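Peer 1: In my numbering, the protein residues as written are 1181 to 1748.
Don't be surprised by glycine CBs; every beta carbon is placed ideally from N, CA and C.
Here the structure is a predicted model, which is why all the values come from computation and not from measurement.
Before anything else, here's the structure in question.
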Amino acid sequence: MGILLVSDSNELTNKYKHLCKYYNFAACFTESALFDNVEADAPDIILIDEDVQFFDIALIIKKIRAKLENVRILLITSDKIGKNIEKLVNGFILNTMSDNLVISILEANIRTKSLLDKLSVRNSDMAESLYRLNVLYNTSSQFAGTLDIKKLLTYMTEGLDKSLSFDLTCTISFGFENEPVLIINSLYDVSEELINALKLRAILNYKSLFDNKKIPFEIDDINLKVIKIVKNPNEKFTFSIFQYDNMFAPIDLGDQFFGCIEIFREKPFTSDDAAYFQTIVRQVSLPLKSAGLYKEIIEKNRELEKLEQIKSDFISIVSHELRTPLTPIKNALSILSSGRCGDLSETASNFINMAKRNVNNLTSIINDILDINKIEAGKMDFNYKIMNIHTVIDNVKNNFDCVAKEHEINFNAYEQDNLPDIYADSQRLEQILTNLVSNAIKFTPNGKSITIKSELKNANEIEDNPYFKDELKSLNGNYVIVSVTDEGIGMKKENITKAFDKFTQIENSLTRKVGGTGLGLPIAKQLIKAHKGAIWCDSEEEKGSSFKFAIPVCAENTECKTIQKELI
């Protein structure tokens, strides 16, 4: 324990030299001598004589504090203590105190200094632990934020570097390349000879993990690719790197093996270092597994995309090839039924009409398949313009009046007057409404009713529907609502949303009888979506269904322009 006295009084110096005979004691009376002593052998206690004449005591104390963290500074003083000094020192020794009391004060401060030093060490250890925990937390967060194998290995290495300050690491990986890779992260550059030595060492370490067991990946010094990352290329490591302390660990998870890592450092590793090393290497294993699975999914998706494209191309080609002969067949049947080739018997006429109906049905099926194919490929063409929904409803109503009469169905339309314009493709809206009315006629028994209705509603006024929450939640503003309501067979609650799935036919006797591709509603849904609208359904088994769709209105030119920009 060291005690330094700052005083120009020989009497005081001799007194404290005697009192401190069991300690390492020194005395000085100039600023330069004071800091020479501090630099040479930092004292535990500094005694400052209040009467020293050669410097500003307050300023000197501040300078000492800047250099020594836990030093105890005691002021030797008379009964009067200056307030400007009182806050800067750890205590006072009065000139009137007995020698025994002075010794007791010195011993108490030496014990305090010892305790402070121990606390500083503990605080330093705690600070280092907290720093490592913070590094571990940040590294874990980085692991959770990516499925890129190369980035995961980089984050692992960076985490080890921040907490362990390694000189060199060698990591064998089988993940982010199509061949095994040795990644060398080095503080200094490494020669080709040293790289070859590190490569052989890494291979031997790797194979030693599978003594008498099957090695997951066969590697040798020829097929092991090297990636070198150097921090300071101006200096070079020598073969003395093999004399450094080192740690080695596999990167695995259960029976799944991703690689291995060896780390070198000139300063010996501690048991805490080893625990941290093992922790971070284990932590990277789970995201590496996820990254591997993600990579497999990406590759499978690419294969599926290729298959989907082949399927799409096949459907398109086959549909066009089927539609090509249908046109002359349809024309031929029309000529025959017109009588231009001679009079037909009633039986022959019935057969030709049956053939015409089936040709029309086949044409409709092919058109549906082509439409859904175009929609999925993003190739469906739209001709948007400002229009009114009345025209579409009138056209569809006129087209189906005769069909409804044939089925003895009451077919009505109730349109709200003065509906605002919409920005839409009239042909596509007519296709949507045609699909809805056609379905209604298919599933409505004779003598029942079908009603088309149009009205203006704000999104807030649309009734909640638990089966179409997401679709209705996206609506905002004013909409023209068109509904097709029938008194047909209806649907069970659990089948309502299935009606909009591709190739779906809700199973019952009537659906089997009427048939169909099950594409009408999925096509309608996609066409409505392209208009920034929504389509939904209310239905009750044996009581009927009501299909509704909403199209945003163009109340003003500015609003219409906004909708146009969204749709273009």
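By Cβ distance, which residues of its chain are closer than 6 angstroms to Phe1580, with the 5 residues on each side in sequence left out?
Peer 2: Val1617
Peer 1: On a Cα-Cα basis, can you pick out the residue from Asp1432, Asn1403 and Lys1447 that is closest to Phe1390?
Peer 2: Ranking Asp1432, Asn1403 and Lys1447 by Cα distance to Phe1390 puts Asp1432 first.
Peer 1: Any idea which residues DSSP pairs Met1427 with across the strands?
Peer 2: Ile1443
Peer 1: If we count the other Cβ atoms within 10 Å of its Cβ and call it buried at 16 or more, is Asn1638 buried or exposed?
Peer 2: exposed
Peer 1: Kindly indicate which three-state DSSP category Ala1207 falls into: helix, strand or coil?
Peer 2: strand
Peer 1: May I ask you to report which of helix, strand or coil DSSP gives Ser1525?
Peer 2: coil
Peer 1: Can you tell me whether Thr1691 is helix, strand or coil according to DSSP?
Peer 2: Below a pLDDT of 50, predicted positions are generally treated as unreliable, and Thr1691, at 47, falls in that range; the measurement from the model is reported next regardless. Of the three classes helix, strand and coil, the one that applies to Thr1691 here is helix, per DSSP.
Peer 1: Please report the straight-line C-alpha distance between Gly1182 and Cys1200, rounded to a whole angstrom.
Peer 2: 9 angstroms
Peer 1: Compare the Cα-Cα distances from Phe1126 to each of Gln1706, Lys1723, Phe1531 and Glu1720 and report the closest residue.
Peer 2: The first residue shown for the chain is 1181 and the last is 1748, placing residue 1126 beyond what the model contains.
Peer 1: In whole angstroms, what is the alpha-carbon distance linking Ser1284 and Ile1290?
Peer 2: 10 angstroms
Peer 1: Please list the terminal residues of the continuous beta strand (DSSP E) segment that includes Tyr1202.
Peer 2: Note, Tyr1202: premise wrong, no beta strand (DSSP E); not H, not E.
Peer 1: For Ile1265 and chain C, any beta-carbon pair shorter than 7 angstroms?
Peer 2: The question asks about chain C, but that chain is absent: this structure has only one protein chain.
Peer 1: Can you tell me where the beta strand (DSSP E) with Gly1724 in it begins and where it stops?
Peer 2: It spans Gly1724 to Pro1732 - the beta strand (DSSP E) in which Gly1724 sits, taken as one unbroken run.
Peer 1: Can you pull the DSSP bridge partners for Ala1220?
Peer 2: Ala1220 pairs with nothing; no bridge assigned.
Peer 1: Spatial neighbours of Ile1509 within its chain, please: C-beta separation below 7 angstroms, excluding the five flanking residues on both sides.
Peer 2: Val1539
Peer 1: Taking contact to mean at least 3 C-beta pairs separated by less than 8 angstroms, is the segment 1405 to 1421 in contact with the segment 1364 to 1381?
Peer 2: yes
Peer 1: Is the segment 1614 to 1634 touching the segment 1574 to 1592, taking contact as three or more C-beta pairs under 8 angstroms?
Peer 2: Short answer: they touch.
Peer 1: Mind checking which residues open and close the beta strand (DSSP E) that includes Phe1591?
Peer 2: Asn1590 to Glu1595
Peer 1: Taking all protein chains shown into account, decide if Phe1757 is buried (16 or more other Cβ within 10 angstroms of its Cβ) or exposed.
Peer 2: The chain is shown from 1181 up to 1748; residue 1757 falls before or after that span and cannot be answered.
Peer 1: Would you give the residue range spanned by the alpha helix (DSSP H) that Tyr1175 belongs to?
Peer 2: The structure shown does not extend to residue 1175, since the chain is modelled only from 1181 through 1748, so no value can be given for it.
Peer 1: Compute the beta-carbon to beta-carbon distance between Tyr1205 and Lys1195, rounded to the nearest angstrom, for a pair I have assumed lies under 8 angstroms.
Peer 2: Going by the sequence as given, residue 1205 is Phe instead of Tyr. Not a contact, Cβ separation roughly 11 angstroms.
Peer 1: Do Leu1362 and Leu1404 have their CB atoms nearer than 7 angstroms?
Peer 2: yes
Peer 1: Report buried or exposed for Tyr1317, applying the criterion of at least 16 other Cβ atoms within 10 angstroms of its Cβ.
Peer 2: Exposed, since its Cβ has fewer than 16 Cβ neighbours within 10 Å.
Peer 1: Does the beta-carbon of Lys1491 have 16 or more other beta-carbons within 10 angstroms, so that it is buried, or is it exposed?
Peer 2: exposed
Peer 1: Compare the C-alpha of Lys1293 against each of Ala1222, Leu1274 and Ser1321 and name the closest.
Peer 2: Ala1222
Peer 1: Say whether the segment 1321 to 1339 touches the segment 1456 to 1470, bearing in mind that this needs 3 or more beta-carbon pairs closer than 8 angstroms, one atom from each stretch.
Peer 2: yes
Peer 1: How far does the beta strand (DSSP E) with Phe1272 in it reach, from first residue to last?
Peer 2: Gly1271 to Leu1274
Peer 1: Taking only the alpha-carbon atoms, compute the straight-line gap between Asp1681 and Tyr1474 and give it to the nearest angstrom.
Peer 2: 28 angstroms
Peer 1: Any idea what DSSP makes of Asn1638, helix, strand or coil?
Peer 2: Looking at Asn1638 - three-state DSSP - the assignment turns out to be strand.
Peer 1: Looking at the strands, I want to know which residues DSSP matches up with Gly1657.
Peer 2: Gly1657 is not bridged to any residue.
Peer 1: To the nearest whole angstrom, what separates the beta carbons of Phe1457 and Ile1478, a pair I think is in contact under 8 angstroms?
Peer 2: The Cβ separation is near 31 angstroms, so there is no contact.
Peer 1: Report the partner residues of Tyr1368 according to the DSSP bridge assignment.
Peer 2: Here Tyr1368 is bridged, per DSSP, to Asn1412.
Peer 1: Between the segment 1379 to 1386 and the segment 1336 to 1349, can you find at least three pairs of beta-carbon atoms closer than 8 angstroms?
Peer 2: No, the segment 1336 to 1349 is not in contact with the segment 1379 to 1386.
Peer 1: Does the beta-carbon of Pro1732 have 16 or more other beta-carbons within 10 angstroms, so that it is buried, or is it exposed?
Peer 2: buried
Peer 1: Pick helix, strand or coil for Thr1292, following the three-state DSSP scheme.
Peer 2: helix
Peer 1: Secondary structure at Ile1669, three-state DSSP: helix, strand or coil?
Peer 2: Ile1669: coil per DSSP, three-state reduction.
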